[in-house]
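Each residue of the sequence shown is one higher than the last, beginning at 631 in our numbering.
The block underneath contains the structure these notes are about, expressed in structure tokens.
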Amino acid sequence: MTITFNSFSFGCRVNQAETEVLDRKLADRGLVKTRINPDLFIINTCAVTGKAEREAKQLIYRVKRKLPTTKVAVTGCAATKWIKESVKVEGTDIVIDNPNKDFAADILLKRLKIKRTKKGKTDIINSRYLESGRLLLKIQDGCQRFCTFCIVPYLRGQPKSDSIKKIVGTIRNSDRRVKEVILTAINTQAFGFDTGEKFIDLVRTVIEKTKVARISFGSIHPWSVTEEFLKFYDQILPSKRLADFFHIPLQSGSNKILELMRRGYTREEFTEKLAKIKKINPDAFIGTDIIAGFPDESEADFRDTYNFLRDAPIDKFHVFRFSPREKTAAFYMSKRMKNVPSPLMKKRAAQLGKLSQQKYASFQKSLLGRSFPALFLLEKEDGFRRVLLSNQVPALIETGKDFRAEIKSVLLTEIKKGRLLGILTN
631 MTITFNSFSF
641 GCRVNQAETE
651 VLDRKLADRG
661 LVKTRINPDL
671 FIINTCAVTG
681 KAEREAKQLI
691 YRVKRKLPTT
701 KVAVTGCAAT
711 KWIKESVKVE
721 GTDIVIDNPN
731 KDFAADILLK
741 RLKIKRTKKG
751 KTDIINSRYL
761 ESGRLLLKIQ
771 DGCQRFCTFC
781 IVPYLRGQPK
791 SDSIKKIVGT
801 IRNSDRRVKE
811 VILTAINTQA
821 FGFDTGEKFI
831 DLVRTVIEKT
841 KVARISFGSI
851 HPWSVTEEFL
861 KFYDQILPSK
871 RLADFFHIPL
881 QSGSNKILEL
891 MRRGYTREEF
901 TEKLAKIKKI
911 NPDAFIGTDI
921 IAGFPDESEA
931 DFRDTYNFLR
941 DAPIDKFHVF
951 RFSPREKTAA
961 FYMSKRMKNV
971 PSPLMKKRAA
981 QLGKLSQQKY
991 ASFQKSLLGR
1001 SFPALFLLEK
1011 EDGFRRVLLS
1021 NQVPALIETG
1031 KDFRAEIKSV
1041 LLTEIKKGRL
1051 LGILTN
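Quick look at the structure:
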């Protein structure tokens, strides 16, 4: 009898990469992925915020309500947290913590009493990433920094890195459709913490020893943007093999709050790194993450953050409201420091979100009338194909042809409803 499954991933790119690996392992063991009435539904959870944890529970309830006979398996950070806290979430049949995630496929087969069979068939095992010529590749897990707001080190443990040799081998053996490899990590600065290797050496080796057209990062820690890294980026810029996109988490523009967060840098040090990237390539797209309403964030601290983001060479940012996570230092700070009232926190987050929209719109306008290499993705709509430019900015290109997983030159012609539109130039 054929056993079917489906999966869904919350949270970071690392979670998404892990889910794709698990999907392939299950297919290799004879299971078939389907969206229609699967026998097994796997949810890879996130616990970075209380909202992420609630959303995971809501999905569990919805799946169980809609598909009462489907077995629900959960893994990831929220699942690990529930195990540590001895919490049983209604609707879950199998819970696998992060330390056992690499063995999840065999654990699921054993728990479901499924015998391993020949490789399964599926039309969706090739994810939207692979269908678009992109490979999500996890290179590192865990973190040793213990930023005061972050629960991840408690749930993913100390840093663990794949070797450069293994990563290069995986890329070399990847599907021939792959045009872009997205190197994903919990903390790029911790890459090699356990192996003695360096992040810049990984980037250099991947560029030199593979033929993949484009390398990008899920996010990159500020301290990974070293002088050596910047020099290498400058050297290979003409090749466009390193995506001109850098998502570098900031978290606050107030030095007082950065110190309370234990981020290990000042806003001045952060700005210096961004300025050097933009000096090398003004078209580089720089994104960041910001937390609004951290404990003891005064109006002056918020203005510092707002003004910093307004003036810094940052083109877009994701804004999160502070969410106290039990066991973290910030959780205990919130018990003894002055907290930002929820309505005010919401207001500040909205102001930052509006600023992000304005800055992104300005960056989009700077690209009009110019040509860029673009990777054509799977998605299409009304005679347009979705692409990612060399700086990872999305655009819609007018064409009736299916160029998925191909890189072609496009000319950006207009902005409509906040989206870049363009045409092929070759």
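Think of the CB as a built atom: it goes at the ideal place given N, C-alpha and C, for glycine as much as any other residue.
Beta-carbon proximity check, residue i vs residue j, cutoff 7 Å
i       : j       : result
Asp732  : Thr710  : no
Ala873  : Gln646  : no
Thr918  : Leu880  : yes
Val970  : Glu927  : yes
Ala703  : Leu760  : no
Pro852  : Ile878  : yes
Val811  : Val842  : yes
Thr825  : Gly848  : no
Ser1001 : Leu1041 : yes
Ile816  : Val644  : yes
Gly660  : Tyr691  : no
Ile794  : Glu827  : yes
Phe876  : Ile837  : no
Lys870  : Ser1020 : yes
Glu683  : Ala708  : yes
Beta-carbon separation (whole angstroms), residue i vs residue j, contact threshold 8 Å
i       : j       : result
Pro668  : Phe635  : 5 Å
Ala677  : Ile801  : Not confirmed; about 30 Å, so no contact.
Thr699  : Val693  : That pair is no contact at about 11 Å.
Pro587  : Phe823  : Nothing about residue 587 can be reported from this structure: the residues present for the chain run from 631 to 1056 only.
Met963  : Thr778  : 7 Å
Gly999  : Gly1013 : No, Gly999 and Gly1013 are not in contact; Cβ-Cβ is about 22 Å, not under 8 Å.
Lys1038 : Leu1051 : With 8 Å as the limit, Lys1038 and Leu1051 do not qualify as a contact, their Cβ atoms being about 15 Å apart.
Gln994  : Ile1045 : 6 Å
Asn674  : Glu648  : 6 Å
Phe947  : Leu939  : 6 Å
Lys687  : Val719  : 6 Å
Phe776  : Arg892  : 7 Å
Selection from the options that minimises the alpha carbon distance to residue i
i       : options                         : result
Ile845  : Thr664, Leu1005, Asn1056        : Leu1005
Ile921  : Ala960, Phe915, Asp941          : Ala960
Glu898  : Thr935, Arg834, Asp913          : Thr935
Gly787  : Ala815, Arg807, Pro729          : Pro729
Ile672  : Glu715, Val644, Ala734          : Ala734
Val979  : Gly799, Lys768, Phe993, Ser953  : Rather than Val, the amino acid found at residue 979 in this sequence is Ala. The shortest C-alpha separation from Ala979 is found at Ser953.
Lys1047 : Ala1025, Asn1056, Glu650        : Ala1025
Lys861  : Lys903, Ser996, Arg893          : Lys903
Lys839  : Val798, Lys809, Gln774          : Val798
Ser884  : Pro973, Phe924, Tyr691, Val1017 : Phe924
Gly983  : Thr632, Gly1030, Asp945, Glu648 : Asp945
Leu766  : Leu652, Lys995, Asp1012, Tyr962 : Leu652
Glu956  : Thr896, Ile744, Thr679          : Thr679
Asp792  : Phe776, Ser804, Gly772, Arg806  : Gly772
Leu670  : Glu685, Ile633, Gln688          : Ile633
Gly706  : Ser996, Val808, Gln688, Phe638  : Phe638
Lys1010 : Gly894, Lys989, Ser992, Asp1032 : Asp1032
Lys655  : Ala708, Asp736, Leu689          : Asp736
Lys977  : Tyr990, Arg933, Arg695          : Arg933
Lys743  : Lys965, Met631, Asp941, Arg806  : Met631
Same chain, Cβ closer than 6 Å to residue i, neighbours up to 5 away in sequence not counted
i       : result
Phe1126 : The question about residue 1126 has no answer, for the chain in this structure spans 631 to 1056.
Arg741  : Ile724
Lys906  : Leu860
Range covered by the beta strand (DSSP E) that runs through residue i
i       : result
Asp919  : 915-922
Pro973  : Pro973 -> not in any beta strand (DSSP E); alpha helix (DSSP H) instead, spanning 972-997.
Gln770  : 764-771
Glu1044 : 1037-1046
Lys946  : 946-951
Ile878  : Segment: none, Ile878 is in no beta strand (DSSP E) and carries neither H nor E.
Glu1028 : 1024-1028
Gly933  : It is Arg, not Gly, that sits at residue 933 in the sequence shown. That residue, Arg933, is in no beta strand (DSSP E); its alpha helix (DSSP H) goes 929-941.
Asn667  : Asn667 -> no beta strand (DSSP E), and no H or E assigned at all.
Same chain, Cβ closer than 8 Å to residue i, five either side skipped, listed in chain order
i       : result
Ile754  : Legend: pLDDT at Ile754 = 44, less than 50; position of this residue unreliable, value from coordinates given subsequently. These residues qualify, in order along the chain: Lys663, Thr664, Arg665.
Arg1034 : Glu761, Ser762, Gly763, Phe1006, Leu1007, Leu1008, Arg1015
Where the alpha helix (DSSP H) through residue i begins and ends
i       : result
Glu1009 : Careful: Glu1009 lies outside any alpha helix (DSSP H), inside the beta strand (DSSP E) at 1001-1011.
Leu686  : Correcting the residue type first, residue 686 is Ala in the shown sequence and not Leu. Element bounds for Ala686: 680-696.
Gly799  : 794-802
Pro783  : 782-786
Thr722  : Taken as a continuous stretch (DSSP letters only), Thr722 belongs to no alpha helix (DSSP H), as it is neither H nor E.
Val811  : First-last for Val811: 810-815, but that is the beta strand (DSSP E), not the alpha helix (DSSP H).
Ile737  : 734-741
Asn728  : Neither: Asn728 is in no alpha helix (DSSP H) and is coded neither H nor E.
Proximal residues to residue i (C-beta, below 7 Å), its chain only, five neighbours per side dropped
i      : result
Lys908 : Ala914, Pro943
Tyr863 : Leu872, Ile910
Leu630 : Because the chain is modelled from 631 through 1056, residue 630 falls outside the range shown and cannot be assessed.
Leu867 : Ile910, Asn911
Phe900 : Pro852, Leu880
Asp931 : Ser884, Lys886, Ile887
Ser992 : none
Check: residue i C-beta below 6 Å from any heavy atom of the ligand COA
i      : result
Gln987 : Annotation note on the ligand COA: not contained in the displayed structure, which lists no ligands.
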